[in-house]
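Here the sequence shown is numbered in our numbering, starting from 150 and rising by one per residue. All residues carry an ideal CB built from backbone N, CA and C; glycine is no exception. Keep in mind the model is a prediction, meaning the values are calculated, not measured.
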Amino acid sequence: MNTIRNTKVYILNLGKLECDENWMVAMSTVATKDNKNVATHWVEIPVYAVLIDHPEGKILFDLGCHPQASEGHWCPELVNIFPFTFAEHQRLENQLKLVNIRPEDITTVILSHMHLDHIGNIDLFKHAEVYVSRKEFEYAKTLVHSNQDPKSHGAYIKSEVVAPVKCYHLLNEDTEIFPGIEFIALPGHTAGSSGLIVHLEKEGVLIFPMDAIYNKTVYGPPARASGLVYDSIAFFKSIERVRSLAKKYQAQVMFSHDMAVFENMKKAPDYYC
Ligand SMILES: [Zn+2]
Numbered sequence: 150m151n152t153i154r155n156t157k158v159y160i161l162n163l164g165k166l167e168c169d170e171n172w173m174v175a176m177s178t179v180a181t182k183d184n185k186n187v188a189t190h191w192v193e194i195p196v197y198a199v200l201i202d203h204p205e206g207k208i209l210f211d212l213g214c215h216p217q218a219s220e221g222h223w224c225p226e227l228v229n230i231f232p233f234t235f236a237e238h239q240r241l242e243n244q245l246k247l248v249n250i251r252p253e254d255i256t257t258v259i260l261s262h263m264h265l266d267h268i269g270n271i272d273l274f275k276h277a278e279v280y281v282s283r284k285e286f287e288y289a290k291t292l293v294h295s296n297q298d299p300k301s302h303g304a305y306i307k308s309e310v311v312a313p314v315k316c317y318h319l320l321n322e323d324t325e326i327f328p329g330i331e332f333i334a335l336p337g338h339t340a341g342s343s344g345l346i347v348h349l350e351k352e353g354v355l356i357f358p359m360d361a362i363y364n365k366t367v368y369g370p371p372a373r374a375s376g377l378v379y380d381s382i383a384f385f386k387s388i389e390r391v392r393s394l395a396k397k398y399q400a401q402v403m404f405s406h407d408m409a410v411f412e413n414m415k416k417a418p419d420y421y422c
């Protein structure tokens, strides 16, 4: 795999979710005879997108949450389980503005999966070529079209999953979408969860497993299940796949929802290159 020159990777800070830690790491609090009413941990987790300024186009990997998530775009039950908050400067448009890019300048969107905290701003990218796993696309479409409730499909939002874009490119397998940018299948979290490997000239290889690996604890070793898993056997296989790719490429693994790790990432307008 060749590295890519003249490419910058920006981490866009899109706000935070809060939730019970058991969603992140399953069984992180467990009752015992001596402590039957064990206290759960309420945690804050980051939401971010990855902007890749590449010689062949401006690429966004994931899109964060819809800005009206807590004002009716999500159903109240979801808002209660996963409250989402962001400051004005953490709007996706404003994060792009930090590097003088407008949503219209984005040519390509790549989705790790179609959950509400990864596809929320899809409305801004009607003009874009969108890449996603075929399995994810088919699963999400089936779910939102076969449910009476327009807003409740687990973590999929109908209006987001069916939003029009210029063209969907449905990927059946690992694909080098652009030179130095590999889309990899990491199923388990959802039917078609995927990650991205970026081969940079100076800073080496970055692996973004997105929700295949939420945080350091899930990664281990040993790997731990998260609280939301579509296929547990595939989930653990995907984690071990990332581990072996990280070893092969001496890569940095960029977890999706780990606040401590996120705090140490370079954030836009700073970048990896
Ligand atoms: Zn997520």
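For residue i, the three-state DSSP class (helix, strand or coil)
i: I388; result: helix
i: Y288; result: helix
i: H302; result: strand
i: K307; result: helix
i: V314; result: coil
i: V158; result: strand
i: V293; result: helix
Paired residues, beta bridge with residue i - DSSP
i: E331; result: E325, I346
i: L319; result: V281
i: P195; result: K165
i: V354; result: H348
i: Y420; result: DSSP lists no partner for Y420.
Any non-hydrogen atom of ligand 1 within 7 Å of residue i CB
i: D169; result: no
i: D266; result: yes
i: S405; result: yes
i: D360; result: yes
CB contact flag (residue i, residue j, <8 Å)
i: V258; j: L212; result: yes
i: G341; j: Y288; result: yes
i: N151; j: P328; result: yes
i: C422; j: L355; result: no
i: A188; j: T181; result: no
i: I326; j: Y280; result: yes
i: L320; j: S282; result: yes
i: V310; j: K290; result: yes
i: I388; j: A409; result: no
i: I306; j: L273; result: no
i: P418; j: L247; result: yes
i: M414; j: I160; result: yes
i: P313; j: A383; result: no
i: W223; j: L377; result: no
i: V196; j: L166; result: yes
i: K207; j: I255; result: yes
Beta carbon proximity, residue i to chain B, threshold 8 Å
i: K284; result: In the displayed structure, chain B is absent; only one protein chain is listed.
Output the residue ranges of the alpha helix (DSSP H) runs that lie fully inside the region 199 to 271 and measure 4 residues or longer, sorted by chain position.
List check, alpha helix (DSSP H) in window: 225 to 230, 241 to 246, 265 to 268.
List in chain order: all unbroken alpha helix (DSSP H) runs of 4+ residues lying wholly within the region 357 to 416.
With a minimum length of 4 residues, the continuous alpha helix (DSSP H) runs that stay inside the region 357 to 416 are 365 to 368, 381 to 398, 408 to 412.
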